[in-house]
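Input: a single structure, listed below in structure tokens.
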Amino acid sequence: MTEYLYEKDLRPMKYNILTAPRQDRTVRAMAARLGVRVQVFRRHLIERLDMSNLENMPARWEAALAIPAGDDALAAALGCDLFVRKIAVFTPAEMEAAYKKARTLADGGATLDAAVEEGKKALREVIAP
Amino acid sequence: MKKTVDVAIPIGPVHPCWKEPVRIKCETRGEHVLSAEVEMGYMKKGIERIMRGRPWQEVMFLAERVCGICSVVHNMVFIEAMETISGITPPPRAAYLRVVANELDRMASHLIANFSYCYTIEHETLGMYLLNEREHVLDMLERLTGNRVNTAYMIPGGVRYDLRPADEKIIRETLDLLDTNLTRYAKMFETGPMIALRSKGVGILTKDQALEAHAVGPTARASGIAVDCRSNHPTYRAIGFSPIVRDEGDNYARIMVRFEELKQSIGLIRRSLAMMPDGPIRGGGICKGGEVRYSGEAPRGELTYFVKADRYGRVEEIAIQTPSIMNIDACTHYMLKGVTSIADVTSTFISSDPCIACNER
């Protein structure tokens with residue numbers, strides 16, 4: 001967002017929201033799925049999401065997990081929809097780039113696990129460049 | 130990619146149309162809102178942290194202090210969560226009295242929500258009419274529970290006070306009056322051409338977006354999602370309940386859903402009074418330890434309490450998921466995006482009935 005002259009530093013308040021019990025469980029689950037350290041992931045979330053997003057995150061996460069995965073196993077494993085539309089952890093362009101890398105590997109004969117790992121590696125670079 | 134914006138407009142934290150402080154930052158191109166972001170933290174209470182480690186007898190009073198507008202339902206959901214953990218069932222008369230209190234609370238909340246919207250779109254006459262009716266509702270709540278807000282009416286295994294026949298008669302008469310007046314006011318809103326200009330097709334939340342944002346309550350029901358926790362509640366099922374749903378998804382639909390729900394609440398209270406058997410209002414029981422996720426339908430939508438209590442009924446861990454958490458997110462990231470006039474930002478925000486006290490807990 002555009003910088004305001006009298007902008008407040010929201011990081012401590014956002015951190016308080018993220019360390020509430022339900023948010024903490026959700027953050028840990030997401031960090032484990034992406035294979036990143038919780039502290040690094042928290043920083044990424046604080047930078048990317050506003051306070052209402054952070055408050056709503058556990059509800060969105062639970063609702064998203066209840067929806068059955070689509071036909072594309074690779075997209076489902078990477079969380080293409082989950083981490084972009086449901087919870088905006090990544091921009092569509094960042095996810096698209098990670099998915100393309102994984103898809104290239106999968107089309108080249110690699111196993112699904114190896115392709116997913118390649119995609120996650122690209123996503124981890126976005127979180128901790 | 131850098132966004133092209135003309136002006137970034139902060140609205141709030143103090144705004145004459147808002148009941149509570151919150152700041153919305155809008156990025157605009159001309160009058161068109163490109164995106165919005167919410168900044169809160171002006172009234173954080175930390176009530177979940179205060180609750181931790183305290184016995185349920187103290188937590189029940191804290192629970193209803195999460196929100197002053199819908200305090201009854203916070204009391205009800207926490208008490209019913211403790212009852213679920215402990216296997217306590219309230220007597221039938223108490224169960225119906227709880228419905229009466231809860232519906233009066235819903236009416237008070239819906240009336241102030243619709244008042245706020247009318248006030249925001251500068252229809253102060255209708256707004257004041259609605260606020261006047263709210264006084265009748267709060268008077269009824271006082272007759273039933275002894276208080277207008279923070280009633281502490283429900284306790285594990287029942288309710289505190291019975292309804293006296295004289296009060297029941299007055300409540301029935303007041304409901305008749307409200308029924309007539311609210312029909313008139315709903316018609317005023319429904320047919321007002323200036324109201325339609327400010328409300329129809331403004332702040333649209335589609336069904337898919339509502340599902341994605343996990344919107345709840347009247348906000349979701351105005352977008353065509355038939356979700357209402359009352360459908361699963363045993364007493365409401367006995368009374369007969371089906372949610373009110375509209376498909377437009379705009380400001381107009383959200384206000385009209387609340388008008389229709391006001392009439393529905395009157396019907397539910399009448400049926401509760403008619404079906405209420407004689408008998409005790411307190412069944413007793415001891416609160417035990419355990420863990421539960423319990424949801425109830427607050428005026429603004431699904432209210433969920435995650436409670437973990439020890440064997441003495443002391444709350445070890447608690448998390449409160451209030452409906453405003455979902456609805457404010459749905460409003461900021463979907464309804465406000467694409468609003469064609471800055472003047473509609475406040476009215477769209479108010480149409481989703483945001484409760485900052487609930488959100489900040």
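First to last, the protein sequences are chains A and B. Using my numbering, you'd call the opening residue of the first sequence number 1 and step up by one each time. Using my numbering, you'd call the opening residue of the second sequence number 130 and step up by one each time. Just so it is clear, CB atoms sit at the ideal spot from N, CA and C, and this is done for glycine as well. These numbers come from a predicted model, not from an experiment.
(message) Within 10 Å of its beta-carbon, does A:Leu112 have 16 or more other beta-carbons around it, so buried, or fewer, so exposed?
(response) For the purposes of this step, residue 112 of chain A is identified with residue 112 of the first sequence, where counting begins at 1. Under this definition A:Leu112 is an exposed residue.
(request) Give the interface partners of B:Ile176 over in chain A, defined as CB-CB distance under 8 Å, in chain order. (result) What you label residue 176 of chain B is simply residue 47 of the second sequence in a count that begins at 1. Under the 8 Å cutoff, chain A gives no residues; its nearest Cβ is about 11 Å from B:Ile176.
(message) Which residues in chain C have a C-beta closer than 7 Å to the C-beta of A:Lys86? List them in chain order.
(response) In summary, chain C is missing from the structure at hand, where the protein chains are A and B.
(request) Taking B:Glu420 and B:Arg359 to be in contact with their CB atoms under 8 Å, please state how far apart those CB atoms are, rounded to whole angstroms. (result) Taking the second sequence and counting its residues from 1, one reaches residue 420 of chain B at position 291. Taking the second sequence and counting its residues from 1, one reaches residue 359 of chain B at position 230. Rounded, the Cβ-Cβ distance is 24 Å, inconsistent with contact.
(message) Give me the DSSP bridge partner(s) of B:Ser424.
(response) Residue mapping note: residue 424 of chain B aligns to position 295 of the second sequence, counting from 1. Answer is B:Thr433, bridged to B:Ser424.
(message) Taking the alpha helix (DSSP H) that B:Ile208 belongs to, which residues open and close that run?
(response) As a position in the second sequence, residue 208 of chain B is number 79, starting the count at 1. Per DSSP, B:Ile208 belongs to the alpha helix (DSSP H) from Ser200 to Ser215.
(request) Take the Cβ of B:Lys154 as the centre, count every other Cβ of all protein chains shown within 10 Å, and call the residue buried at 16 or more, exposed below. (result) Position 25 of the second sequence, counted from the first residue, corresponds to residue 154 of chain B. Answer is buried; the Cβ neighbour count reaches 16.
(message) If contacts are defined as beta-carbon pairs under 8 Å, then B:Ala237 and B:Val266 qualify, I think. What distance do you get, rounded to the angstrom?
(response) One-based indexing of the second sequence puts residue 237 of chain B at position 108. One-based indexing of the second sequence puts residue 266 of chain B at position 137. The pair is a contact, with the Cβ atoms about 5 Å apart (cut-off 8 Å).
(request) Using a Cβ cut-off of 7 Å (strictly closer), state whether A:Met13 contacts chain B. (result) Within the first sequence, the letter at position 13 stands for residue 13 of chain A. Yes, A:Met13 counts as interfacial toward chain B.
(request) For the stretch 386-399 of chain B, enumerate the residues whose C-beta is nearer than 9 Å to any C-beta of chain A, in chain order. (result) none
(request) Alpha carbon to alpha carbon, how far is B:Cys199 from B:Arg227? Give it in angstroms, no decimals. (result) As a position in the second sequence, residue 227 of chain B is number 98, starting the count at 1. As a position in the second sequence, residue 199 of chain B is number 70, starting the count at 1. The alpha-carbon atoms of B:Arg227 and B:Cys199 are separated by roughly 14 Å.
(message) If the criterion is Cβ atoms closer than 7 Å, does the pair B:Pro221 and B:Pro363 meet it?
(response) For the purposes of this step, residue 221 of chain B is taken as residue 92 along the second sequence, with counting starting at 1. For the purposes of this step, residue 363 of chain B is taken as residue 234 along the second sequence, with counting starting at 1. Not a contact, by the Cβ cut-off of 7 Å.
(message) In whole angstroms, give me the CA-to-CA distance for B:Val474 and B:Thr348.
(response) Along the second sequence, one-based indexing puts residue 474 of chain B at 345. Along the second sequence, one-based indexing puts residue 348 of chain B at 219. Going by the C-alpha atoms only, they are around 16 Å apart.
(message) Whole angstroms are fine: how far does the CA of A:Ala122 sit from the CA of B:Met130?
(response) For the purposes of this step, residue 130 of chain B is identified with residue 1 of the second sequence, where counting begins at 1. For the purposes of this step, residue 122 of chain A is identified with residue 122 of the first sequence, where counting begins at 1. Note that B:Met130 scores 40 on pLDDT, short of 50, meaning its location in the model is unreliable and no value can be drawn from it.
(request) Check distances from the C-beta atoms of the stretch 16-27 of chain A to those of chain B and list, in chain order, the residues that come in under 8 Å. (result) Asn16, Ala20, Pro21 and Arg22
(message) Do B:Ala224 and B:Tyr434 have their beta-carbon atoms positioned less than 7 Å apart in this structure?
(response) Position 305 of the second sequence, counting from 1, holds the residue named residue 434 of chain B. Position 95 of the second sequence, counting from 1, holds the residue named residue 224 of chain B. No.
(request) Taking 7 Å as the cut-off, decide whether the C-beta atoms of B:Ser328 and B:Asn276 are in contact. (result) Here residue 328 of chain B refers to the residue found at position 199 when the second sequence is read from its first residue. Here residue 276 of chain B refers to the residue found at position 147 when the second sequence is read from its first residue. No, the pair does not count as a contact, with Cβ atoms beyond the cut-off.
(request) Tell me whether A:Thr26 is buried or exposed, calling it buried when 16 or more other Cβ atoms sit within 10 Å of its Cβ. (result) Walking along the first sequence from the start, residue 26 of chain A turns up at place 26. Flag for A:Thr26 reads buried.
(request) Over the uninterrupted alpha helix (DSSP H) stretch that includes A:Lys101, give me the two end residues. (result) Along the first sequence, read from residue 1 onward, the residue named residue 101 of chain A stands at position 101. Run containing A:Lys101: Pro92 to Asp107, per the alpha helix (DSSP H) assignment.
(request) Mind reading off the beta-carbon distance from B:Asp234 to B:Val201? Whole number of angstroms is fine, and I expect it under 8 Å. (result) Counting from 1 along the second sequence, the entry for residue 234 of chain B is found at position 105. Counting from 1 along the second sequence, the entry for residue 201 of chain B is found at position 72. Contact holds; Cβ gap of about 4 Å.
(message) With H, G and I counted as helix, E and B as strand and the rest as coil, what does DSSP make of B:Cys487?
(response) As a first step, residue 487 of chain B is located in the second sequence; it is residue number 358 there, counting from the start. Three-state result, B:Cys487: helix.
(message) So, with DSSP's three-state summary, where would you put B:His462?
(response) Translated into positions along the second sequence, residue 462 of chain B becomes position 333. Helix at B:His462.
(request) Check the Cβ-Cβ distances between A:Ala76 and every residue of chain B, and say whether any is below 7 Å. (result) Your numbering for residue 76 of chain A matches position 76 in the first sequence. Not an interface residue.
(request) Output yes if chain B places a C-beta closer than 7 Å to the C-beta of A:Ala98; else output no. (result) Here the question's residue 98 of chain A lines up with position 98 in the first sequence. No, its Cβ sits nowhere closer than 7 Å to a Cβ of chain B.
(request) Can you pull the chain A residues whose beta carbon is under 7 Å from the beta carbon of B:Val167, in chain order? (result) For the purposes of this step, residue 167 of chain B is identified with residue 38 of the second sequence, where counting begins at 1. Within 7 Å Cβ-Cβ: Asp50, Met51 and Ser52.
(request) Give the straight-line distance between the Cα atoms of B:Leu273 and B:Tyr246, rounded to the nearest whole angstrom. (result) Here residue 273 of chain B refers to the residue found at position 144 when the second sequence is read from its first residue. Here residue 246 of chain B refers to the residue found at position 117 when the second sequence is read from its first residue. One C-alpha to the other measures close to 29 Å.
(request) Could you spell out where the beta strand (DSSP E) holding B:Cys155 opens and where it closes? (result) Within the second sequence, the letter at position 26 stands for residue 155 of chain B. Arg152 to Arg158 is the span of the beta strand (DSSP E), which, as asked, contains B:Cys155.
(message) Give me the DSSP bridge partner(s) of B:Ile138.
(response) Your numbering for residue 138 of chain B matches position 9 in the second sequence. Note: B:Ile138 sits in a beta bridge opposite B:Cys155.
(message) Give me the subset of the stretch 51-70 of chain A whose CB atoms are less than 8 Å from a CB atom of chain B, sorted by chain position.
(response) Met51, Ser52, Asn53, Glu55, Asn56, Pro58, Ala59, Arg60 and Ala63
(request) Determine which residues share a DSSP beta bridge with B:Ile449 and list them. (result) The residue labelled residue 449 of chain B in the question sits at position 320 within the second sequence. B:Ile449 is bridged to B:Tyr434.
(message) Just to confirm the assignment, what range does the beta strand (DSSP E) spanning B:Val386 have?
(response) Residue mapping note: residue 386 of chain B aligns to position 257 of the second sequence, counting from 1. First-last for B:Val386: Asn380 to Met404, but that is the alpha helix (DSSP H), not the beta strand (DSSP E).
(message) Buried or exposed for B:Ser352, going by 16 or more other Cβ atoms inside 10 Å?
(response) Locating residue 352 of chain B in the second sequence gives position 223, where the first residue counts as 1. Buried, by the Cβ-count rule.
(message) For the structure I just gave you, are there three or more beta carbon pairs, one from the stretch 77-84 of chain A and one from the stretch 52-59 of chain A, closer than 8 Å?
(response) no
(request) Tell me whether B:Lys174 is buried or exposed, calling it buried when 16 or more other Cβ atoms sit within 10 Å of its Cβ. (result) On the second sequence, position 45 is the one that residue 174 of chain B refers to. Result: exposed.
(request) Please name the residue, chosen from B:Tyr290, B:Lys437, B:Ile284 and B:Asp458, that lies closest to B:Ile447 on a Cα-to-Cα basis. (result) Taking the first residue of the second sequence as position 1, residue 447 of chain B is located at position 318. Residue B:Lys437 is the option with its Cα nearest to B:Ile447.
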